[in-house]
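Encoded as structure tokens, the structure appears first; notes follow it.
There are 2 protein chains.
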Amino acid sequence: MYKTADILQNAKAAAPILAAATPERKNLALEKIAERLLSEQENILRANAEDIEASRSRLSEVMIDRLNLTPERIEGMAAGIRDVILLPDPVGRVMERVERPNGLVIEKTSFPLGVIAIIYESRPNVTSDAAALALKSGNAVILRGGKEAFRSNAAIVEAIRLGLQDASLPPELVGFVEDTSRDSARELMEARGFIDLLIPRGGAGLIRSCMENAKVPCIQTGTGICHIYVDASADQEKALNIIENAKTSRPSVCNAEEVLLVNRAIAPEFLPKLHLRLTEDRAKRGLVPVELRLDEDAAQIIPGTPAGERDFDTEFLDYILAVKLVDDVDEAIAHIAVHSTGHSDAILTQDADAAERFTRLVDSAAVYVNVSTRFTDGGEFGLGCEMGISTQKLHARGPMGLQELNTYKYIVRGDGQIR
Amino acid sequence: MYKTADILQNAKAAAPILAAATPERKNLALEKIAERLLSEQENILRANAEDIEASRSRLSEVMIDRLNLTPERIEGMAAGIRDVILLPDPVGRVMERVERPNGLVIEKTSFPLGVIAIIYESRPNVTSDAAALALKSGNAVILRGGKEAFRSNAAIVEAIRLGLQDASLPPELVGFVEDTSRDSARELMEARGFIDLLIPRGGAGLIRSCMENAKVPCIQTGTGICHIYVDASADQEKALNIIENAKTSRPSVCNAEEVLLVNRAIAPEFLPKLHLRLTEDRAKRGLVPVELRLDEDAAQIIPGTPAGERDFDTEFLDYILAVKLVDDVDEAIAHIAVHSTGHSDAILTQDADAAERFTRLVDSAAVYVNVSTRFTDGGEFGLGCEMGISTQKLHARGPMGLQELNTYKYIVRGDGQIR
């Protein structure tokens, strides 16, 4: 087993080679990695079978399915890498250029961060996705996956490293932490001088631990208590479609709706339609009905579970929706200011002033007008990919694509200027 | 004395009002603040005289001078605020706009961070400078200055708050921490949920403490071990001018040169000229001569102090320059990779390939070709101002102007889109 400190040292030493590599060189490496994932398929599947065997008794069906690899899923991983090849190279872009009166030419130029570390949980496809995005953006990457997928991840990293060697790049560019205990996570969080960006991808506990303990730059991802506010002027048919979509199309993801705010003026008309649509109507369509957790005022209009104190501060990730009545857009904005995690919040309205007020005052990564919150996603935003969704305000906010995995430097050219 | 927790709470509550304020409203407030600084001048000077009286016995002449306010200096503070009024408003700028095939219109739009906290040391003019930049960029600000300037800072904040009230904005937008002990600094570092960005401006100890202890997003500023590499092809006359300027025009600042790397091939010719210029020649001009700390090879060519192990890792902030010979641009780049703090590094060369290699591979906030490192400064870069110079890679790098005090959000407009 390699020591984490050695892996970090080796990645840091290799990083400048990739930072200076041409787009063609990086794309060649990615193509070789895709090929190796396919040619090393048997090893990967064997390792994956061992992982599943080892944890079958401890994991739920859903977890086993997330862990499971098939030839189709490996093909999907290779195809994902080939999609990354097609994305524009983010490095060396002149973001701003000024010529100063004294003749200095100053170019603000994008540049790789250096070494990116990712701490993630179950799904082994994150291993190849994250490595591809880090490499394309010119960064070395340190991968620290979960215990359940350890053998699968190791086999995938092995294939990635063979691909790097095929392209004459150092395999140390992709570091793999073999220790899956909390110690190694902690070691990464404290590796000042070796890690330029740490991205935790996983549950709330992991993210909180990074926020509290990290001494390296870290980006908070994920947690989404997303709100939809139905204004008095909303198109109610579209509102029902959006709410059902945002809540039920994939309840386990961070951009799913958790809280519905309804303008008091339309509640007597709208709530019964909502109730019908999300409960009986879904049952008739053979779909899981949504449990409504209602504040006192909503509970006087439709049946449902009485909402508890915590229901407006919970990321349910389930077929559960908290519902509250508000007087107007300002009360909705005020509720969101206190209870949102700053991920994605929407207003449904035909009133341009209300929409303008909501978009100006709601301080979240994505603020929607008449759109489902489910669109907060690198692919849907046209970034082509994503390394996670930032819910913090520094550096990157919302879906993080290749650009967000770069920093910049000022390149200043002159002819002997002094000050 | 207000509790820091209350100050934070009040600033957070007031921040959205400023975030939504028009550019005209913010500029009006800044003008009122400038006027109040002048009309409250007597109070400020009296408080400043008390500060100086209280610490005269403990502080050096230089420190007293930094602390001292005069009518001219207060006029300078007011003029500085009026300069900020003239800068373009950074809020609400549409940085990117895409129209997706499904009809969504996505606008990446700049937006204030929220609450910015600044921990700073002696100079009281930082109080008005920092407040002006924070307010112009739409942010509430928490100021925590040093003990020596406590009364001066309090009087300046009082004037600023009167100005805010004159413009009908809440005075809580500028919070002033009255506790100048380490406890209050620690409290700010840990105020998760209340501070969106913490900027330490001061000595290395303060900055290190923030990096190690902050649980809020924090930007590392300042420390500059800046290098100049003289390539074999450099114009030696210009090189002497640049080196003298970078070292001596203001040795106490972070963009001053600390280490000189000289190509071995020209050392026998160049080093004697350097020695003459920085020692005897300066003495003749009545200027402080520079102490040269020489590596073994350089010491065989010119007289000077033998360099110790730590001399290539020290921010002297003094008339001292460490000098080392290197074989070529690659050895210079390798030395900088290990010893630079990532602030500002320069190559002096007539060789386009060497310049290209240096700018591509040196990973610092500002990389110069044939220019003094002293230009790393918000004003010199055309930003009009600066809140500090970031030496980290996340969010902001180099001089931080108004743009760097904003985050962004995605505003997404549609017509009922679901996913």
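Just so you know, the sequences run in chain order A and B.
All residue numbers for the first sequence refer to this note's numbering, where the first residue is 22 and numbers rise by one.
All residue numbers for the second sequence refer to this note's numbering, where the first residue is 22 and numbers rise by one.
Each residue gets a CB set at the ideal place from its N, CA and C atoms; glycine is no exception.
This structure is a prediction, so every number in the text was calculated from the model and none was measured.
Pairwise C-alpha distance: residue j and residue i
i       : j       : result
I65(A)  : D72(A)  : 11 Å
H356(B) : E330(B) : 14 Å
A32(A)  : P111(A) : 20 Å
G97(B)  : E61(B)  : 14 Å
S256(A) : A68(A)  : Before going further, note that residue 256(A) is Asp rather than Ser in the sequence given. C-alpha separation (whole angstroms): 52 Å.
Q186(B) : A55(B)  : 13 Å
T242(A) : Q30(B)  : 25 Å
L292(B) : N146(B) : 41 Å
A225(A) : S173(B) : 45 Å
R229(B) : I368(B) : 29 Å
D351(A) : I410(A) : 27 Å
D436(A) : L308(B) : 25 Å
A253(B) : A288(B) : 9 Å
E401(B) : R94(A)  : 53 Å
Check whether residue i and residue j have beta carbons under 7 Å apart
i       : j       : result
G196(B) : A36(B)  : no
E278(A) : T394(A) : yes
H416(A) : A386(A) : no
T412(A) : T362(A) : yes
G399(A) : P420(A) : yes
G405(B) : L49(B)  : no
S189(B) : V198(B) : no
D374(B) : H248(B) : no
A353(B) : L282(B) : yes
Y429(B) : K129(B) : yes
T269(A) : E336(A) : no
Y141(B) : R207(B) : no
L315(A) : V280(A) : no
A180(A) : I163(A) : no
S131(B) : N427(B) : yes
A153(A) : I102(A) : yes
V392(B) : T380(B) : no
L517(A) : R57(A)  : As displayed, chain A neither begins before 22 nor continues past 440, which places residue 517(A) out of reach and without an answer.
P133(A) : G113(A) : no
Bridge partner(s) assigned by DSSP for residue i
i       : result
D316(B) : Answer is none; D316(B) lacks a bridge partner.
A343(A) : V280(A) and R314(A)
G196(A) : I163(A)
K430(A) : T130(A)
Y23(B)  : DSSP output for Y23(B) lists no bridge partner at all.
V119(A) : I127(A)
D366(A) : H248(A) and V388(A)
P420(B) : I410(B)
P221(B) : I140(B)
P327(B) : L315(B)
T148(B) : T148(B) pairs with nothing; no bridge assigned.
C442(A) : In the structure as shown, chain A begins at 22 and stops at 440. Residue 442(A) is therefore absent and cannot be evaluated.
Identity of the residue in the options nearest residue i by Cα
i       : options                               : result
L219(B) : I439(A), Y429(A), D436(A) and K414(A) : K414(A)
S202(A) : L308(A), R303(A) and E169(A)          : E169(A)
D349(B) : N284(B), C239(B), D332(B) and L313(B) : N284(B)
Q438(B) : P122(A), I240(A) and A267(A)          : A267(A)
D302(A) : L261(A), G409(A) and A42(A)           : L261(A)
A319(B) : D334(B), L308(B), A286(B) and T25(B)  : A286(B)
I341(B) : I246(B), E407(B) and E401(B)          : I246(B)
P272(A) : V311(A), L423(A), P327(A) and K305(A) : V311(A)
I264(A) : E93(A), F396(A) and L125(A)           : F396(A)
T148(B) : N123(B), V119(B) and V178(B)          : V178(B)
A155(B) : L59(B), V105(B) and V115(B)           : V105(B)
A176(A) : L59(A), A304(A) and T300(A)           : L59(A)
K53(A)  : P192(A), M116(A), R213(A) and I323(A) : P192(A)
Residue i: contacting residues in chain A (beta-carbon distance under 7 Å)
i       : result
K24(B)  : Within 7 Å Cβ-Cβ: nothing; K24(B) doesn't reach chain A, min ~21 Å.
I134(B) : The amino acid occupying residue 134(B) in the given sequence is Leu; Ile does not appear at that position. Under the 7 Å cutoff, chain A gives K414.
L382(B) : P37 and A41
E233(B) : K236
N266(B) : I439 and R440
Under 8 Å by beta carbon: chain A residues contacting residue i
i       : result
L423(B) : Result: empty, since nearest Cβ-Cβ is about 14 Å, beyond 8 Å.
I127(B) : F402 and G403
Neighbouring residues, chain B, relative to residue i (Cβ below 7 Å)
i       : result
K259(A) : G437
F291(A) : Result: empty, since nearest Cβ-Cβ is about 16 Å, beyond 7 Å.
G419(A) : Y431
Partners in chain A for residue i, counting only beta-carbon separations shorter than 9 Å
i       : result
N245(B) : According to the sequence provided, residue 245(B) is Gly. The question's Asn does not apply to it. Near G245(B) there are no residues of chain A at all, since even the closest Cβ is about 14 Å away, more than 9 Å.
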